[in-house]
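What follows is one structure encoded as structure tokens, with my remarks underneath.
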Amino acid sequence: MDTRTHSPEQAAHSLTSSATTSTTIGAISPALQAWLDEEQAVTLRLDAGPGAGVSRPDQVAGRSGLELMQAMLRGELPYAPIARTLDFMLISVGEGSAVFQGRPGANHLNPMGTVHGGWFATLLDSALGCAVHTCMPPGRGYTTAELGVNLVKALTPRVPRVRAEGRVLHCGRQLATAEARLVGPDGTLYAHATTTCLVFEMPPAR
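With numbering that gives the first Met the number 0 applied, the sequence shown corresponds to residues 0 to 205, in that order.
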């Protein structure tokens, strides 16, 4: 999920070759291919947009959380810089849901040679938080108050992609809760998480 500027042909080659390298046995599965196709479509939109960064107050004003997330996914607003740093991206959003896709890499390994738990937590936290964000009306914001992560299976770069799928369980005026799963293309569960978020009125822009 390299979000640096490149041509569509380069993007397609990069995505396919990286997945082929990581897949050690047999051809790419239909499920993985579908994930790669979605990733490529999002990458092309992001490359055509403003890139990584933080939206200006005037870009945010008057928009709901879902509208903001959809605009980000279309490449109209900057995406979070952490996504470039840790090699993951937003794939889809809906009311009360968000899906992120990540590419486990050598830079994410711990001394044991498996993907660091912090990488798991960041993807899951992103899916959880953005799912909550989609439920925010204009002028309302949130912040994570509690994050619980359960790591149930080791992960290495031999798994080409994983997805963090978040969904809101409850969204009130003061608190929101959500849950998320980190899964591979074959449905293998690597981790699951829950969050409690504080919901509040956004301060006026200065």
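For each residue, glycine too, the CB sits at the ideal point set by N, CA and C.
How is residue 108 classed by DSSP in three states: helix, strand or coil?
-> Counting from 1 along the sequence shown, the entry for residue 108 is found at position 109. Residue state, collapsed to three classes: strand.
Could you give the uninterrupted runs of the beta strand (DSSP E) lying entirely in the region 120-182, keeping only those of 3 residues or more?
-> 139-150, 161-170, 174-182
Beta-bridge pairing of residue 195 - partner residues as DSSP gives them | Taking the first residue of the sequence shown as position 1, residue 195 is located at position 196. Bridge partners of residue 195: 145, 176.
Which one of 40, 59, 188 has the shortest CA to CA distance from residue 138?
-> Residue 138 sits at position 139 when you count from the first residue of the sequence shown. Considering only alpha carbons, the answer is 59.
Considering only C-alpha positions, which residue in the set 62, 160, 129 is nearest to residue 86?
-> By one-based count along the sequence shown, residue 86 stands at place 87. Considering only alpha carbons, the answer is 160.
Three-pair Cβ contact test at 8 angstroms for the region 129-136 versus the region 85-99 | yes
Could you check the C-alpha separation between residue 166 and residue 101 for me, to the nearest Å?
-> The sequence position of residue 166 within the sequence shown is 167, counting from 1. The sequence position of residue 101 within the sequence shown is 102, counting from 1. Between residue 166 and residue 101, the C-alpha separation is close to 18 angstroms.
Who are the near neighbours of residue 124 in its chain, counting only those whose CB is closer than 6 angstroms to its CB and skipping five residues on each side?
-> The sequence position of residue 124 within the sequence shown is 125, counting from 1. Same-chain partners within the cutoff: 146.
Start-to-end residues for the alpha helix (DSSP H) that takes in residue 76 = Along the sequence shown, one-based indexing puts residue 76 at 77. Segment: none, residue 76 is in no alpha helix (DSSP H) and carries neither H nor E.
For residue 34 and residue 152, the rounded distance between their alpha carbons = As a working note, residue 152 is residue 153 in the sequence shown. As a working note, residue 34 is residue 35 in the sequence shown. Whole-angstrom Cα-Cα distance: 21 angstroms.
Simplified DSSP assignment, three categories, for residue 71 = For the purposes of this step, residue 71 is identified with residue 72 of the sequence shown, where counting begins at 1. Three-state DSSP puts residue 71 in a helix.
Tell me whether residue 162 is buried or exposed, calling it buried when 16 or more other Cβ atoms sit within 10 Å of its Cβ.
-> Counting from one through the sequence shown, the residue named residue 162 turns up at place 163. With 16 or more Cβ atoms within 10 Å of its Cβ, residue 162 is classed as buried.
Nearest-angstrom beta carbon gap, residue 189 and residue 181 [assumed within contact, 8 angstroms] | Residue mapping note: residue 181 aligns to position 182 of the sequence shown, counting from 1. Residue mapping note: residue 189 aligns to position 190 of the sequence shown, counting from 1. Between residue 189 and residue 181 the Cβ distance is about 5 angstroms, and since that is below 8 angstroms, they are a contact.
Candidates 184, 154, 57, of which the one nearest residue 105 by Cα | Within the sequence shown, numbered from 1, the residue matching residue 105 stands at position 106. Minimum Cα distance to residue 105 is reached at 154.
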